[in-house]
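First comes the structure, then the notes that go with it.
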Amino acid sequence: MTNHWVDIKNANLVIVMGGNPAEAHPVGFRWAVDAKIHNNAKILVVDPRFTRSAAVADEHVPLRSGTDITFLLGVVNYLISNDKIQHEYVLNYTNASFLVRDDFEFNDGLFSGYDAQKRTYDKTSWAYQLDEQGFARRDPSLSHPRCVWNLLREHASRYTPDVVENICGTPQDRFKVACEMIAETAAPDKTMTSMYALGWTEHTVGAQNIRTMAIIQLLLGNIGMPGGGINALRGHTNVQGITDLGIMATALPGYLTLPSEKQHPDLQTFLSTVTPKPLVQGQVNYWGNYPKFFISLLKSFYGDKATPENDFGFDWLPKWDRLNDFMYTMSAMEDGKLNGCICQGVNVLAMFPDSNKSTRALSKLKYFVVIDPLDCETASFWENHGEHNDVDTASIQTEVFRLPSSCFAEEEGSLVNSGRWLQWHWKGADVPGEGRDDGENIAGIMMAVRHLYENEGGKAVEPLLNMSWDYVDPEAPSAEVVTKEMNGRALADLMDANGNIVVRKGQQLSGFGQLRDDGTTACGCWIYSGSWTEAGNQMARRDNADPSGLGNTPNWAWAWPLNRRVLYNRASMDPMGNPWDPKRKLLWWNGTAWTGYDVPDFTAAPPGSAVTPFIMQSDGVGGLFAQGKMAEGPFPEHYEPMETPIGTNPLHPGVVSNPVVRIMKNDDNFGDPSQYPYVATSYRLTEHFHALTKAAKLNAITQPEAFAEISETLAQKVGVKAGDTIRISSSRGFIKVKAVVTKRVQMLKVNGQEVETVGLPIHWGFKGETVRGYMVNRLTTAVGDANTQTPEYKAFLVNVEKA
Amino acid sequence: MQINRRQFFKVCSGGMAGTTLAALGFAPGTALAQARQFKLLRAREIRNTCPYCSVGCGLLMYSKNNGSGNAKDTIFHIEGDPDHPISRGALCPKGAGLLDFVQSKDRLRYPEVREPGTNKWKRISWDEALSRIARHIKDDRDANFIERNAEGVTVNRLPTLSLMASTSITNEVGFLTQKLSRALGLVHVDCIARV
Chain A
857 MTNHWVDIKN ANLVIVMGGN PAEAHPVGFR WAVDAKIHNN AKILVVDPRF
907 TRSAAVADEH VPLRSGTDIT FLLGVVNYLI SNDKIQHEYV LNYTNASFLV
957 RDDFEFNDGL FSGYDAQKRT YDKTSWAYQL DEQGFARRDP SLSHPRCVWN
1007 LLREHASRYT PDVVENICGT PQDRFKVACE MIAETAAPDK TMTSMYALGW
1057 TEHTVGAQNI RTMAIIQLLL GNIGMPGGGI NALRGHTNVQ GITDLGIMAT
1107 ALPGYLTLPS EKQHPDLQTF LSTVTPKPLV QGQVNYWGNY PKFFISLLKS
1157 FYGDKATPEN DFGFDWLPKW DRLNDFMYTM SAMEDGKLNG CICQGVNVLA
1207 MFPDSNKSTR ALSKLKYFVV IDPLDCETAS FWENHGEHND VDTASIQTEV
1257 FRLPSSCFAE EEGSLVNSGR WLQWHWKGAD VPGEGRDDGE NIAGIMMAVR
1307 HLYENEGGKA VEPLLNMSWD YVDPEAPSAE VVTKEMNGRA LADLMDANGN
1357 IVVRKGQQLS GFGQLRDDGT TACGCWIYSG SWTEAGNQMA RRDNADPSGL
1407 GNTPNWAWAW PLNRRVLYNR ASMDPMGNPW DPKRKLLWWN GTAWTGYDVP
1457 DFTAAPPGSA VTPFIMQSDG VGGLFAQGKM AEGPFPEHYE PMETPIGTNP
1507 LHPGVVSNPV VRIMKNDDNF GDPSQYPYVA TSYRLTEHFH ALTKAAKLNA
1557 ITQPEAFAEI SETLAQKVGV KAGDTIRISS SRGFIKVKAV VTKRVQMLKV
1607 NGQEVETVGL PIHWGFKGET VRGYMVNRLT TAVGDANTQT PEYKAFLVNV
1657 EKA
Chain B
580 MQINRRQFFK VCSGGMAGTT LAALGFAPGT ALAQARQFKL LRAREIRNTC
630 PYCSVGCGLL MYSKNNGSGN AKDTIFHIEG DPDHPISRGA LCPKGAGLLD
680 FVQSKDRLRY PEVREPGTNK WKRISWDEAL SRIARHIKDD RDANFIERNA
730 EGVTVNRLPT LSLMASTSIT NEVGFLTQKL SRALGLVHVD CIARV
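Top line first, the protein sequences correspond to chains A and B. Remember, my numbering sits 856 above the position in the first sequence when you count from 1. Remember, my numbering sits 579 above the position in the second sequence when you count from 1.
Here you go:
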């Protein structure tokens, strides 16, 4: 979230699109309802289903799953055509006025630089025109034909209400209702907040769905505003934290990158490649501090072993050759390229796409280590459970270890919620039986492997033994010590420019502004710096006072970065520092510095300076045009899901789906609409949490058995009535569930045909207290978003028959 | 004068004479008028965070033991934390069932192994589990670790072992997991943030 849960109460319009918080995040959704009751706000839900979020909304506008970009670029077209723009914001705080290179083009569904063989883009042309000093050329009059503003206007102009209706199936009068509600927040003192979740990300165009909303929020001046922003509703308690910590194939903590063998053979090359230079003179370009963050991480990893002479241990980090995200890993596993897997609380069978493929892959492993609090399907993938898991146990040669672990109640530490709040929690009981907590499980493996290397020697001993692990009890590191390590500390006395000591050697740092690139600071996760300072554990703070009345509660827990509650908050004021809405005043200039109810997301540059609010961007502004960052283009474009019910893309039939999606061997098993005519979309119910709560009796009682939601028209078509068992199949597999026939899903008219939606709740399997059932991911495709490799769970094709 | 609660009301219902009894100090003994003592009073109260979606609702957990050194805490009640600025004491239907997660009959209780080709779990000791796992990892690592690629660049990676991380682990365990992964040289590393 750019903002946070309670801040939603400040909105004038809450748009729920790509999520269903009333059911998936019920307690957070209270703040949308609060906005409605106390701030006279409206709630707009855009969703293929009439969800419970829709049930309390002012308007529900339907669309076909997988067509959000068409809908949203239709909104962009409406806003520009009807001049519903926050002009001063757009001109000063976005790249509307920046000139784009002359060789940048968009023709028939493809941007310039496409390589059809490699299915990738050469992004060189997706960039600004630069002057002699290397700074971007701009035209504040917005009249230059190559400025971002005019390119965006032209790009979006194709998305007329006719096109929206034809592709999305949204009736034009309903689309107009949505546009008018959204457009009202172009007024400087009105804001819209966007609440989204996996309903946007789990598409092959997931990241571009979010980018399109970001463009709208910039056009409306809603980024940086209380009650505004782009708010990702994370789906699991510490999705935000584990992402922050970079537990991904090519990442390191704090959104730093793991070096690659091709681009980053040594430290100097690495730092010069990844550290951006300002594209507008005088801008903050905060990522210019990259070397301080990175060297401090190496000092945290390798301690005294990291010296300037050995590039602070740079060579001990593994260098990646390709993106080994989990979908690639599962394919490589299926091909027999992996021997082992350590699986920490991950229910692979229930969560990953194409579960039949997951079973084939896990069966190829030599050893499989599962750390889990529960008896789950994945550790027992080799057990035969009849039709729900029909495997040949004897032929599976995988050696499987199952290590009992803690649940939330049996451990201490911090978790990051969607609003970036790090909240500390305390242990209430021991892990049952002989179980050990999550940290002990990881430390146990680390120490057991190290002992073998210490005793026997072996390959690459340095990277293994030089990783700092100097905990009092190395088999059970305390949460307090590890979290202090992430916060960072001084390794020498740190002086300011005048030679005064700011931080003494050994002291905790108070923020990442104190980090150095000379090895005198250690910091495990720079964005968490300030979470455990010399003043103690900031994450454990429990003062819920709200001095501004805007819900920021600055002394409750701690938010990254620097306890800032609303990101980009300098943009809540005009260039002279006047709040766009005096009733929502967050910050002000006190004559020498910015101060107020939030931690300023800015430097000490005074009102009226040329420094712009988006300090993490090398150009200092919000990007209507994304220079070289996105895989499929600097502007969003509508591409059909990989499995499309209409078999074409009405905008450009030559480029139907996302042209840069990765399709691996054996995953091109796409279904054809002639065999699989219905659009399936998977989701959560309010009574269950993913595949986990089926182990909890109370949740199992409230939703005991798997079902699918289908429309009355589809039920009639396939001869099914409510309560019948139906067989749902895709080109990957089938499941059998009970049919719920409901008005909550409706047939839509798309491109001259009738498209039905099949709703698939995901909570059952062959373990737990619920009625045993099939896992929905037996149906899904193992292709994902081209930027993030998030699988396309929200739009794939199935057939429905009476079982 | 000993008088219990029932007798007290009986006397009082008799009229003015009765009401003066209280004024004279003949109120019933307090213990007799009291309900069974509130169970939470003797419990230890622990603050926690809901482990499901990422609203981050505050929890109050109540655990109990008799205070003797050899008794283990048992959590017997979980409810919303009324001080929490987001949840203000509320829990959703998912969170309302948290106690049944803690006490689920499906909780694992000891290390186990499923030997290749067999159809059952076998209980083993921690020593056996960790030493067998470490042996697998070391043999794999020694056999397949790549120190330099074809161009001579130091790459220090192990391409044959993967790690899939949970998104319900704490930041602290996350950091340990990151350190373990890179110390082993893993590049097949991912979490379930996206599913």
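By construction, the Cβ of each residue, glycine as well, lies at the ideal position given by its N, Cα and C atoms. For clarity, every value in this text was computed on a predicted model and none was experimentally measured.
Take the Cβ of residue i as the centre, count every other Cβ of all protein chains shown within 10 Å, and call the residue buried at 16 or more, exposed below.
i, result
"A:I893", "exposed"
"A:E1021", "buried"
"A:I1357", "exposed"
"A:L1432", "This sequence places Met at residue 1432 of chain A; Leu is not what is there. The residue is exposed, with fewer than 16 neighbouring Cβ atoms inside 10 Å."
"A:T1185", "buried"
"B:F617", "exposed"
"B:A729", "exposed"
"B:I771", "buried"
"A:N868", "buried"
"A:L986", "exposed"
Beta-carbon of residue i versus every beta-carbon of chain A: anything under 8 Å?
i, result
"B:A787", "Any question about residue 787 of chain B goes unanswered here, given that chain B covers just 580 to 774."
"B:K618", "no"
"B:H767", "yes"
"B:H656", "no"
"B:K758", "yes"
"B:R761", "yes"
"B:R720", "yes"
What does residue i touch in chain B if you count any residue whose Cβ is under 8 Å from its own?
i, result
"A:T1542", "C671, P672, K673"
"A:G816", "For chain A, the structure presents residues 857 to 1659; residue 816 of chain A sits outside this window and is missing."
"A:V1256", "V692, R693"
"A:S1465", "The premise fails here: A:S1465 is roughly 34 Å from chain B at the closest Cβ pair, so nothing lies under 8 Å."
Would you mind telling me which residues of chain B sit closer than 9 Å to residue i, beta carbon to beta carbon, in chain order?
i, result
"A:D1286", "K651, D652"
Kindly list, in the order they appear in chain A, the residues whose Cβ is closer than 7 Å to that of residue i.
i, result
"B:R626", "H1281, W1282"
"B:R773", "T1057, T1644, T1646"
Spell out whether any CB of chain B is found under 8 Å from the CB atom of residue i.
i, result
"A:R1397", "no"
"A:A1304", "yes"
"A:N1212", "no"
"A:T1409", "yes"
"A:S1274", "yes"
"A:W1143", "no"
"A:I1471", "no"
"A:D903", "no"
"A:C1162", "Rather than Cys, the amino acid found at residue 1162 of chain A in this sequence is Ala. So no, A:A1162 is outside the interface."
"A:A1335", "yes"
"A:I1103", "yes"
Listing by chain order, which chain A residues have their CB less than 9 Å from the CB of residue i?
i, result
"B:R686", "P1229, L1230, D1231, P1260, C1263, V1287, P1288, G1289, G1291, A1551"
In chain B, what lies closer than 7 Å to residue i by C-beta?
i, result
"A:W1412", "P664"
"A:W1277", "G635"
Do you know whose CA, among the options, lies nearest residue i's CA?
i, options, result
"A:G1300", "A:N1078, A:A867, A:D1100, A:Y1327", "A:Y1327"
"A:F991", "A:F1622, A:F1257, A:Q1139, A:V1247", "A:Q1139"
"A:R1090", "A:A983, A:F1224, A:D1100, A:T923", "A:D1100"
"B:E707", "B:N698, B:W700, B:E691, B:T697", "B:E691"
"A:S968", "A:K979, A:R975, A:K974", "A:K979"
"A:G1392", "A:W1414, A:G1055, A:Q989, A:K1161", "A:W1414"
"A:S1666", "A:F906, A:N1087, A:P1132, A:Y1111", "This structure gives no information on residue 1666 of chain A, because the portion of chain A shown stretches from 857 to 1659."
Cβ of residue i less than 8 Å from any chain E Cβ?
i, result
"A:S1236", "Looking at the structure shown, chain E is missing, and the protein chains on hand are A and B."
Task: Interfacial residues, the segment 1351-1371 of chain A to chain B, with Cβ spacing under 7 Å - done: Under the 7 Å Cβ criterion, the segment 1351-1371 of chain A contributes no residue.
Task: Near-chain A residues of the segment 703-717 of chain B - C-beta to any C-beta below 8 Å - done: Cβ contacts with chain A: W705, A708, L709, S710, R711, I712, A713, R714, H715, I716, K717.
Task: Contacting positions in the segment 1045-1064 of chain A - beta carbon closer than 7 Å to chain B - done: Per Cβ criterion, the list reads T1057.
TODO: Give the residues from the segment 1634-1658 of chain A that approach chain B closer than 9 Å (Cβ to any Cβ), ordered along the chain.
DONE: So the close ones are G1640, D1641, T1644, Q1645, T1646, P1647, Y1649.
Task: Residues from the segment 724-744 of chain B in contact with chain A, defined by Cβ distance under 7 Å - done: So the close ones are F724, E726, N728, V732, T733, V734, N735, R736, T739, L740, S741, L742, M743, A744.
Task: Contact list for the segment 1235-1253 of chain A against chain B, Cβ threshold 9 Å - done: Against chain B - using a Cβ distance shorter than 9 Å - the residues of the segment 1235-1253 of chain A are A1235, S1236, W1238, E1239, N1240, T1249, A1250, S1251, I1252, Q1253.
- [ ] Report the residues of the segment 1106-1131 of chain A with a CB closer than 7 Å to any CB of chain B, ordered along the chain.
- [x] Listed by position, the residues of the segment 1106-1131 of chain A near chain B (Cβ gap below 7 Å) are P1109, E1117, P1121.
Task: Under 8 Å (Cβ pairs) to chain B, residues found in the segment 1078-1099 of chain A - done: Only L1089, R1090, G1091, H1092, T1093, N1094, V1095, Q1096, G1097, I1098, T1099 from the segment 1078-1099 of chain A bring a Cβ to less than 8 Å from some Cβ of chain B.
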